[in-house]
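Read top to bottom, the protein sequences are chains D and Y.
Residue numbers for the first sequence follow my numbering, beginning at 1089 and rising by one.
Residue numbers for the second sequence follow my numbering, beginning at 37 and rising by one.
Backbone N, C-alpha and C define an ideal beta-carbon position, used for all residues, glycine too.
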Amino acid sequence: MPCVTKPGRYIGNELNSIHKVGANGCSPLSKKIKVCLSYPDTYEIGMSNLGLSILYHILNKRGDVVCERVFAPWPDMDEKMKEKNMPLFSLESWTPLKDFDIWGFSLENELTYTNVLYMLKSAGIPFHRKDRDEKHPLIIAGGACTNNPLPVSDFIDAFVIGDGEEVILEIVDVFTGCRGGTRSALLKKLSHIEGVYVPDHNELKSVNRRIVEDINTIDYPTKPIVPYIEIVHDRAVVEIMRGCPRRCRFCLAGNTTKPVRLLKKENILRLARELIKNTGLEELSFMSLSSSDYPGLLEIAGGLGREFFKKRVSLSLPSLRPDTFKTGIAKEIQSVRKSGVTLAPEAGTQRLRDLICKDLTEEQIISSTRNAFAGGANNVKLYFMIGLPTETEEDLKGIVELAYKIIKEGKQANPRAKITVNVSTFVPKKNTPLGDGKMIGLEEIRKKQAYLKQNLRHRGIDLKWHDPEMSAVEGLLSRGDESTGKIIEHVCELGAKFDNWSEHFDYSRWEKAIAENTDKI
Amino acid sequence: MQRIRIKYKKGAELRFIGHLDLVRLWERAIRRTELPIAYTEGFNVRQRLSFGPPLSLGLTSECEYIDLHFERWTSPETAAKELCRALPKGIDISEVKGLFSAIPSIADAVKSAVYQAEADDAEAALEEIKTILASKEIIVQRKDKKKDIRPMIKELAVKDGKVSIMVECSNSGSLKAGEIRGLFKRTALKDLKRVLLY
């Protein structure tokens, strides 16, 4: 173990991790259902996922369930495991994955699809659901990507579409009821659960998205696991709102998590206090798609910020809309450590912002960034997309001009002002108003990025862009159908893994797999 | 301001947790208690903690030290008791005492460390030790520099069937765990651990 990078990823045993009779120690007569939850990426990314943490807690609360975790082993660990003939094992009890009853994947990013297969392979489990039977774990998946599950429907037995908190327990119940029966009977029963899509038994279009009516009924964990090693989002999280009242036409999250549901103020306060008491974390973050739309949130945050100052816990409020950003509050909530300020104008001209229903004027953008700089922020991050429908050079020029205006105004308020311009490529997602639009091709992505690189040259402006090839693959995977699965499988055979890591992503593999399996793209 | 010094063991559960992660682990454990820890001033606010020399990844230790600064007087025993409740498995507090302000920090006070390891063949190890001690210089590669580590070895012996080595461990230089293992060409050292700091 010492010879792999970050061995801390594989040792488990963190504070608040739950060790029941290890899945390993369950006697064959034990009736406990053994579930393993996973995120098909590294420990640091997977452990930052709130959904996984909620489901881990909900499942382990049940006396008849043991729930453990597994993440994708980094290639060096995978090599070592292969050398020692060690199949993929769970973090808690080091139980081989193939000995679990249910294996759940959280799919939040299409580029992790190859890791699902990589992990199945490492566990010694066949890729295709038709090659698996009662002896293998039931492979299920949930998360944002189930918006279009078809590309991975050859590999996953059942998908949870929508909120998972209630469904997961119904799945366990059905599993218990079907013990000893055939896989096919189990799948049939699962397909009757609302919000569950079983490729073998029901049509995707007949599945209704599952919704937890009132998020105040969710049993949020108050003792989440505290990792030893630094993870991507190393902080306590309170989900203050699910759904988004804004109607941005490109947004997958906003369009697929309706309706808007608020966590009551008393629950926010209770969760926040218990989380800090039980974890000792130095930062607490309020999570939602648009924090400014939670009425009175800034007052709640201000009060908590003062309360937490005693222990120097800082509060962060991501996804604040710039139009609510006021200097005084900015100071209040960032009283301990100054976190950055992020704005997402998405498009460079008013015409295009109006078209995608991004309800923001140039005046609002400029004045709020000026306020942020005046309030002490040194860096403001701006998010833009290229490739939106009807985009012309005028809109790209708009991005450039807007960035220059922001930095010019910002410098007057704070001489150290800097901005980071993040440019991603628009990928039309199903079930959004812009979902039927065309995605721009690789050449066009490169051309538009080149334009921005050429024109956004300023010491105060840092330009970042998404890898064009990765965007193209994301487009393919999020808009694909059942036939796309063949490409994913082919790419895996060519050795693809960790495709959302630029150091592992290899476009030539995808080109080859695409060429051999379709005539698309 | 009050200062207390805690001596603790780092067990096998945490041997793959590096120094920076260990610092964070302590900060979080302290935040889970109600102890009146003092904070630094300035932009990047931190708890006022000071640690001893970092332990190499993969090793356990019998003798790690941490100094905590408190804003109000707190009985060291109470502090230790509260911390024991908040710390994860793998950290065992073995001693606690209040410090006079004149006492230097751990990092400044420590000069040497003693490591111990199991050797698969104690007699062969003894033979090797003779060779090592007889050599005038032992050159190792450190980044792009070469360094003679022979002067840093203060004692090397087999005691109770275990290899025991005392090496320099101070602000001006320390021998690394990998370099200790590397001293032995034929004997594999197992379960290397730090047993003393002084």
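message: Cutting at 6 Å between CB atoms, please list the residues of its own chain near residue 1425 (chain D), excluding the five before and the five after it.
response: Any answer about residue 1425 (chain D) is weak, because its pLDDT of 44 lies below 50 and its placement is not dependable; what the coordinates show is given next. Answer for residue 1425 (chain D): 1402, listed in chain order.
- prompt: Quick one: does residue 1316 (chain D) have its CB under 9 Å from some CB of chain Y?
  reply: yes
message: If you reduce the DSSP assignment to three classes, tell me which class residue 1493 (chain D) lands in.
response: helix
- prompt: Nearest CA to the CA of residue 1203 (chain D): which residue from D:1197, D:1128, D:1246?
  reply: D:1128
task: Return the CA-CA distance between residue 1423 (chain D) and residue 68 (chain Y), expressed in angstroms with no decimal places.
output: Low confidence applies here, because residue 1423 (chain D) scores a pLDDT of 44, under 50, leaving its location unreliable; read the following figure in that light. The straight-line gap from Cα to Cα measures roughly 20 Å.
message: Using a Cβ-Cβ distance cut-off of 9 Å, determine whether residue 1424 (chain D) contacts chain Y.
response: Residue confidence is low: residue 1424 (chain D) scores 39 on pLDDT, short of 50, so the model does not pin down where it sits. Its coordinate-derived value is still stated next. Cβ-Cβ to chain Y under 9 Å: yes for residue 1424 (chain D).
- request: Return no unless some Cβ of chain D is closer than 9 Å to the Cβ of residue 83 (chain Y).
  value: yes
message: Counting only Cβ-Cβ distances shorter than 9 Å, please list the residues of the stretch 37-57 of chain Y near chain D, keeping chain order.
response: Cβ contacts with chain D come from 49, 50, 51, 52, 53, 54, 56, 57.
- request: Express the C-alpha separation of residue 234 (chain Y) and residue 145 (chain Y) in angstroms, rounding to a whole number.
  value: 7 Å
- prompt: Taking Cβ-Cβ distances shorter than 7 Å, what residues in chain Y pair up with residue 1179 (chain D)?
  reply: Correct list: empty, because the minimum Cβ distance to chain Y is about 13 Å.
- request: Give, in chain order, every residue of the stretch 1364-1392 of chain D whose Cβ lies closer than 8 Å to some Cβ of chain Y.
  value: 1364, 1365, 1366, 1367, 1368, 1369, 1370
field: Residues near residue 165 (chain Y) by beta carbon distance below 6 Å, same chain, minus five either side
entry: Counting only Cβ-Cβ distances below 6 Å, and skipping sequence neighbours, we find 192.
- prompt: Any chance the stretch 1118-1137 of chain D sits against the stretch 76-95 of chain Y, with 3 or more Cβ pairs inside 8 Å?
  reply: Touching, no.
message: Under DSSP, the beta strand (DSSP E) around residue 232 (chain Y) begins and ends at which residues?
response: 225-233
query: Start and end of the alpha helix (DSSP H) containing residue 1452 (chain D)?
result: Membership of residue 1452 (chain D) in the alpha helix (DSSP H) is indicated by the continuous run 1450-1462.
task: Can you check DSSP and say which residues form a bridge with residue 96 (chain Y)?
output: Residue pairing from DSSP places residue 96 (chain Y) in a beta bridge opposite Y:229.
- prompt: Is it right to say residue 1500 (chain D) is buried, meaning 16 or more other beta carbons lie within 10 angstroms of its own, or is it exposed?
  reply: exposed
Local conformation of residue 1467 (chain D) per DSSP, three classes: strand
- request: Output, in sequence order along the chain, the residues in the stretch 1550-1570 of chain D whose CB is closer than 9 Å to any CB in chain Y.
  value: none
- request: Taking only the alpha-carbon atoms, compute the straight-line gap between residue 1442 (chain D) and residue 1350 (chain D) and give it to the nearest angstrom.
  value: 27 Å
message: I need the boundaries of the beta strand (DSSP E) containing residue 64 (chain Y), first residue and last residue.
response: Unbroken run through residue 64 (chain Y) is the alpha helix (DSSP H), 55-67; no beta strand (DSSP E).
task: Quick one: which residues of the stretch 82-115 of chain Y get their C-beta closer than 7 Å to a C-beta of chain D? List them in chain order.
output: Within the stretch 82-115 of chain Y, the residues whose Cβ lies closer than 7 Å to some Cβ of chain D are 93, 94, listed in chain order.
task: Kindly indicate which residue of Y:137, Y:98, Y:197, Y:60 has the alpha-carbon position closest to the one of residue 43 (chain Y).
output: Y:98
task: Kindly indicate which residue of Y:66, Y:39, Y:136 has the alpha-carbon position closest to the one of residue 105 (chain Y).
output: Y:39
message: Relative to the C-alpha of residue 1340 (chain D), which candidate in D:1227, D:1552, D:1250 has its C-alpha closest?
response: It is D:1250 whose Cα lies nearest to the Cα of residue 1340 (chain D).
task: With DSSP as the reference, label residue 1483 (chain D) as helix, strand or coil.
output: Residue 1483 (chain D): helix per DSSP, three-state reduction.
- prompt: Any beta-carbon of chain Y closer than 9 Å to the one on residue 1172 (chain D)?
  reply: no
query: Given a limit of 8 Å on CB to CB distance, which residues of the stretch 1463-1487 of chain D reach chain Y?
result: none
- request: Kindly indicate which three-state DSSP category residue 1191 (chain D) falls into: helix, strand or coil?
  value: strand
query: Where do the N-terminal and C-terminal ends of the beta strand (DSSP E) with residue 134 (chain Y) fall, by residue?
result: 127-135
- request: Counting only the same chain and skipping the five closest in sequence on each side, list residues whose C-beta sits under 8 Å from that of residue 1199 (chain D).
  value: 1558, 1561, 1562, 1565, 1587, 1588, 1593
query: I think residue 1217 (chain D) touches residue 1245 (chain D), with their Cβ atoms under 8 Å apart; what is that distance to the nearest whole Å?
result: 5 Å
- prompt: Hey, quick one: how far does the beta strand (DSSP E) through residue 1558 (chain D) stretch, first residue to last?
  reply: Following the DSSP letters along the chain, one finds residue 1558 (chain D) in no beta strand (DSSP E) but inside the alpha helix (DSSP H) bounded by residues 1556-1567.
field: Cα-Cα separation between residue 1389 (chain D) and residue 1328 (chain D), rounded to whole angstroms
entry: 11 Å
query: When the cut-off is 9 Å and only beta carbons count, does residue 1102 (chain D) lie next to chain Y?
result: yes
- request: Taking only beta-carbon positions, decide if residue 1401 (chain D) is within less than 9 Å of chain Y.
  value: True, the Cβ-Cβ gap to chain Y drops below 9 Å.
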